[in-house]
Structures are given as structure tokens and as C-alpha cells.
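A.B. asks: First the structure, which I've put down as C-alpha cells, then a few questions once you've had a look.
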Amino acid sequence: MTRFLKSYMLPIAMCIGIIFYRFFTELSFITPYLIFAMLFITYCKLSIKELWFEKFHFYLLAIQLFGSIAVYLALRWFNPLIAQGSMICVLAPTATSAAVITGMLGGSIASLTAYSILSNLCVAIFAPIIFSFIGEHSNFTFFESFLYILKEVFPLLILPLVFAFTLEKLAPKAKIKIQALHGWSFYLWALALTIVVGKTVSFVMKQPADNYAVEIIMAASTFFICIGQFLAGRKIGKQYDKTVTGGQGLGQKNTVLTIWMALSYLDPISSIGPGAYVLWQNIVNSYQLWRKQRNR
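Counting in our numbering, the sequence shown tops out at residue 336, every number present.
Here it is as C-alpha cells:
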């Protein structure tokens with residue numbers, strides 16, 4: 041029974057989030073706390089000596105930065121809004137919670153964590169520069185944007201890591217006990233997924249009806265971008281025996297931050313792109329975890 045629930049829990053969580061989106065939208069304030077708890081439990085399986093940058097990290101980063109520009113230039117002739125919404129889904133940094141899914145799938149948590157830090161830092165530096173060439177008017181200076189991205193990302197990404205490594209030094213026995221709780225990460229993720237999907241549906245429902253055609257095409261475009269990034273990341277990672285890490289590093293995006301960037305720098309309608317990407321990446325993750333559970 042437990043195995044059955046684990047196999048189908050994430051698809052069920054997504055369906056519940058879609059149906060009861062109004063209720064779960066009100067719970068969105070607890071999402072950062074859930075992610076923090078999941079990351080802390082996950083990071084307790086790490087040692088600080090395992091963290092280092094690897095060659096394939098820079099290949100993934102090149103796809104993020106240069107791939108986003110290529111996607112924009114390729115789609116701009118068709119529709120500038122679709123180009124913006126698609127581009128930002130490539131540029132988006134790795135999700136802070138990607139380490140949790142990577143661990144569940146048997147990937148390298150240390151390698152993913154190192155890439156996540158690199159990815160978010162580089163986006164904080166280069167995103168405002170890229171947006172200055174293609175975006176709408178923004179009231180944010182480069183320095184303000186840089187600080188905002190750091191403020192939004194790094195407390196959630198770094199603090200659980202610092203706490204876990206501090207625990208390793210000061211109370212190693214406590215860290216071992218927390219490691220035994222790693223199974224709870226799955227259930228915390230299911231709850232977080234329900235809330236995130238509910239919030240995404242609420243966000244999409246609030247968009248103006250006169251742009252439905254563009255929004256549907258944009259959502260379809262980000263579907264193919266999502267699948268493409270997971271596949272490309274896995275292919276690159278496979279060359280370094282880091283298949284799962286490569287896929288999650290390039291495919292699982294920090295969509296909350298991405299939606300903010302779209303609303304701040306681009307046409308607000310382009311935020312539908314990362315809004316739809318939330319659903320696509322979580323469908324991919326749910327499928328991967330379902331396969332993992334089924335094959336046990």
C-alpha cells in the first residue's frame with residue numbers, strides 16, 4: 041500500500057492542486073519553509089568536501105545564457121511575446137529545490153548543489169544585462185536587481201547548507217539522526233507540489249482573456265523547451281556519469297524568481313511562459329519519481 045501511494049502520490053498531488061487551487065493558493069506562504077526543511081534534510085547527507093564545480097557545469101551554464109538568447113532571436117520574428125516567455129524559461133536559474141528531487145532520483149546532490157549556486161549567481165549578474173537589450177522599461181537598476189535575486193535565492197539555498205555543515209561539526213550524531221528522516225522529503229515535496237500547482241493555476245486564471253491565443257502558444261512552446269532542457273541536461277551529464285544531475289540542473293527551474301523577472305523586465309504577458317513551465321517541469325519530475333518507485 042505504501043509503495044502504491046508513493047508511486048502515484050505526485051500525480052494525485054498535482055490533480056488536487058488544480059481542483060482546489062483557491063484553497064492551496066492561500067497556503068503558498070508556507071512553501072519556502074517546506075523547501076527549507078527538505079533542503080536541510082537533503083543537505084545533511086552531504087559533506088562540505090564533496091562540493092566542487094565540474095566541467096559539465098559550465099556546459100549547462102552556456103546553454104542557459106547563450107541558449108536563451110538563441111531562443112529569443114529564433115522566435116522574435118514570429119511573436120515577440122512568445123519569444124520573451126520562451127527565452128526566460130531557458131535563462132531561468134536552477135530551482136533551489138532541485139537538490140531534493142536529484143537525491144530522490146539517485147543523482148549527485150553535491151554536484152547539483154554546486155551547479156545551483158553557480159547558476160543562480162551567474163543569472164543574478166547576466167540577466168539584467170540581457171534584459172536591457174530585449175526588455176521593456178524597468179524601474180530596477182542593475183544593482184537593485186542583483187541584490188533582489190540574491191535576497192530571494194541565496195537564503196533558501198545557502199542557509200540550509202550552512203546549518204547542515206554546522207551540525208556536522210558540532211553535533212555529528214544529530215546529523216546522522218536527521219539523515220534517517222530523508223524519506224520525509226518525499227511527502228514534504230508532495231505537499232509543496234500541491235501548493236505550487238494551485239498557485240500556478242490561480243496565476244493563469246487571473247490573466248486577461250484577450251491574449252488566450254498567444255498564451256496557449258507560449259505554454260506549448262515552453263513545454264517543448266522544458267522537455268528539451270531535461271533531455272539536453274541528461275545527455276551532457278551522462279558524459280560525466282551525472283545523468284540525473286545534468287537533467288535536473290538544466291531542466292528544473294526557479295519559476296517563482298523567473299515570473300518576477302518577467303513581470304519586472306519584460307511584457308507582463310510573458311510571465312505565462314514560466315507559469316506554464318511550473319506545470320511541465322513538475323509533470324516531468326512526477327513521471328521520473330513514478331518510474332523510480334515502480335522500478336524498486
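Note that the Cβ used here is the ideal one computed from N, Cα and C, for glycine as well. Computed from a predicted structure; not experimentally measured.
Measuring only the C-alpha atoms, how far is Thr298 from Leu197?
C.D. replies: Taking the first residue of the sequence shown as 1, we reach residue 298 at position 258. Taking the first residue of the sequence shown as 1, we reach residue 197 at position 157. Each residue's Cα considered, the two are about 16 Å apart.
A.B. asks: Quick one: using the 10 Å Cβ neighbour count with 16 as the cut-off for buried, is Ser172 buried or exposed?
C.D. replies: Within the sequence shown, numbered from 1, the residue matching residue 172 stands at position 132. The residue is exposed, with fewer than 16 neighbouring Cβ atoms inside 10 Å.
A.B. asks: With distance defined between alpha-carbon atoms, name the residue in Val254, Lys282, Ala150 and Leu207 nearest to Trp92.
C.D. replies: In the sequence shown, residue 92 corresponds to position 52, counting from 1. For the residues Val254, Lys282, Ala150 and Leu207, the minimum Cα distance to Trp92 belongs to Ala150.
A.B. asks: Which whole-angstrom value describes the C-beta separation of Val324 and Thr240, a residue pair presumed to lie in contact below a C-beta threshold of 8 Å?
C.D. replies: Reading the sequence shown from its first residue, position 284 is the one you call residue 324. Reading the sequence shown from its first residue, position 200 is the one you call residue 240. In fact, because the Cβ distance is near 15 Å, the residues do not count as touching under 8 Å.
A.B. asks: Indicate the three-state DSSP secondary structure (helix, strand or coil) for Lys282 in the structure shown.
C.D. replies: Residue numbering aside, residue 282 sits at position 242 when the sequence shown is read from its first letter. Note: Lys282 maps to coil in three-state DSSP.
A.B. asks: Where Phe243 and Val237 are concerned, what is the direct C-alpha to C-alpha distance, given to the nearest angstrom?
C.D. replies: Position 203 of the sequence shown, counted from the start, is the residue given in the question as residue 243. Position 197 of the sequence shown, counted from the start, is the residue given in the question as residue 237. Distance between the alpha carbons of Phe243 and Val237 is about 10 Å.
A.B. asks: Span of the alpha helix (DSSP H) holding Pro314?
C.D. replies: The residue labelled residue 314 in the question sits at position 274 within the sequence shown. First-last of the alpha helix (DSSP H) with Pro314: Ile312 to Arg334.
A.B. asks: For Gln328, collect the residues of the same chain with a Cβ closer than 7 Å to its Cβ; drop the 5 residues on either side in sequence, then sort them by chain order.
C.D. replies: Against the sequence shown, residue 328 aligns to sequence position 288. The residues are Leu145.
A.B. asks: Within its chain, find whatever has a CB closer than 8 Å to the CB of Pro72; leave out the 5 residues flanking it on each side and keep chain order.
C.D. replies: Against the sequence shown, residue 72 aligns to sequence position 32. For Pro72, where only same-chain residues beyond five positions count, the Cβ hits under 8 Å are Leu196.
A.B. asks: Within this structure, are the beta carbons of Leu74 and Ala232 separated by less than 7 Å?
C.D. replies: As a working note, residue 74 is residue 34 in the sequence shown. As a working note, residue 232 is residue 192 in the sequence shown. Cβ distance < 7 Å, so Leu74 and Ala232 count as in contact.
A.B. asks: Would you call the stretch 202 to 213 and the stretch 80 to 92 touching, i.e. three or more CB-CB distances under 8 Å?
C.D. replies: Touching, per the Cβ criterion.
A.B. asks: Do three or more CB pairs link the stretch 250 to 258 to the stretch 119 to 131 at distances below 8 Å?
C.D. replies: With a cut-off of 8 Å, the stretch 119 to 131 and the stretch 250 to 258 count as touching, because enough Cβ pairs lie within range.
A.B. asks: Between Leu303, Pro51 and Cys266, which lies nearest to Gly287 when the distance is taken from Cα to Cα?
C.D. replies: Translated into positions along the sequence shown, residue 287 becomes position 247. Checked all of Leu303, Pro51 and Cys266; the closest Cα to Gly287 is Cys266.
A.B. asks: What does the Cβ neighbour count give for Pro133, buried or exposed, with the cut at 16 atoms within 10 Å?
C.D. replies: Translated into the one-based positions of the sequence shown, residue 133 becomes position 93. By the 10 Å Cβ count, Pro133 comes out buried.
A.B. asks: Output the distance between the C-alpha atoms of Phe264 and Trp320, rounded to the nearest integer angstrom.
C.D. replies: Here the question's residue 264 lines up with position 224 in the sequence shown. Here the question's residue 320 lines up with position 280 in the sequence shown. Spanning the two alpha carbons is a distance of roughly 9 Å.
A.B. asks: Would DSSP call Gly134 helix, strand or coil?
C.D. replies: By 1-based counting over the sequence shown, the position of residue 134 is 94. Before going further, note that residue 134 is Thr rather than Gly in the sequence given. Strand, per DSSP.
A.B. asks: Do you know offhand how far Ile276's Cα is from Thr136's?
C.D. replies: For the purposes of this step, residue 276 is identified with residue 236 of the sequence shown, where counting begins at 1. For the purposes of this step, residue 136 is identified with residue 96 of the sequence shown, where counting begins at 1. Taking the straight line joining both Cα atoms gives about 21 Å.
A.B. asks: Name the one or two DSSP bridge partners that Lys293 has.
C.D. replies: One-based indexing of the sequence shown puts residue 293 at position 253. Lys293 pairs with Thr134.
A.B. asks: In the DSSP assignment, find the alpha helix (DSSP H) that holds Ser108 and state where it starts and stops.
C.D. replies: Stepping through the sequence shown from its first residue, residue 108 is reached at position 68. Per DSSP, Ser108 belongs to the alpha helix (DSSP H) from Ser108 to Arg116.
A.B. asks: Do the CB positions of Ile235 and Ser126 come within less than 7 Å of each other?
C.D. replies: Here residue 235 corresponds to residue number 195 of the sequence shown, with the count starting at 1. Here residue 126 corresponds to residue number 86 of the sequence shown, with the count starting at 1. Result no, Cβ atoms of Ile235 and Ser126 do not sit closer than 7 Å.
A.B. asks: Is the beta carbon of Leu79 less than 7 Å from the beta carbon of Ser326?
C.D. replies: Walking along the sequence shown from the start, residue 79 turns up at place 39. Walking along the sequence shown from the start, residue 326 turns up at place 286. No. Outside cutoff.
A.B. asks: Specify, as a first and last residue, the run of the alpha helix (DSSP H) that Ala211 falls within.
C.D. replies: Position 171 of the sequence shown, counted from the start, is the residue given in the question as residue 211. Element bounds for Ala211: n/a, residue is neither H nor E.
A.B. asks: Just how far apart, CA to CA, sit Ile337 and Phe63?
C.D. replies: Absent from the structure is residue 337, since the part of the chain shown begins at 41 and ends at 336.
A.B. asks: Residues in its own chain within less than 6 Å of Gly147 by CB, not counting five upstream and five downstream?
C.D. replies: Residue numbering aside, residue 147 sits at position 107 when the sequence shown is read from its first letter. Hits under 6 Å: Val284 and Thr285.
A.B. asks: Which residues in the same chain have their Cβ closer than 8 Å to the Cβ of Pro314, if we skip the five residues on either side of it in sequence?
C.D. replies: Locating residue 314 in the sequence shown gives position 274, counting from the first residue. Excluding sequence neighbours, Pro314 sits near Gly125, Ile128, Cys129, Ala132, Thr262, Lys293, Thr295, Thr298, Ile299 and Ala302.
A.B. asks: Looking at C-beta atoms only, is the number of pairs between the stretch 151 to 167 and the stretch 91 to 108 that lie closer than 8 Å three or more?
C.D. replies: At 8 Å Cβ cutoff, the stretches touch.
A.B. asks: Count the other CB atoms, across all protein chains shown, that sit within 10 Å of the CB of Asn160; report buried if there are 16 or more and exposed otherwise.
C.D. replies: On the sequence shown, residue 160 is found 120 positions in, with the first residue counted as 1. The residue in question, Asn160, is buried, as its Cβ has 16 or more Cβ neighbours within 10 Å.
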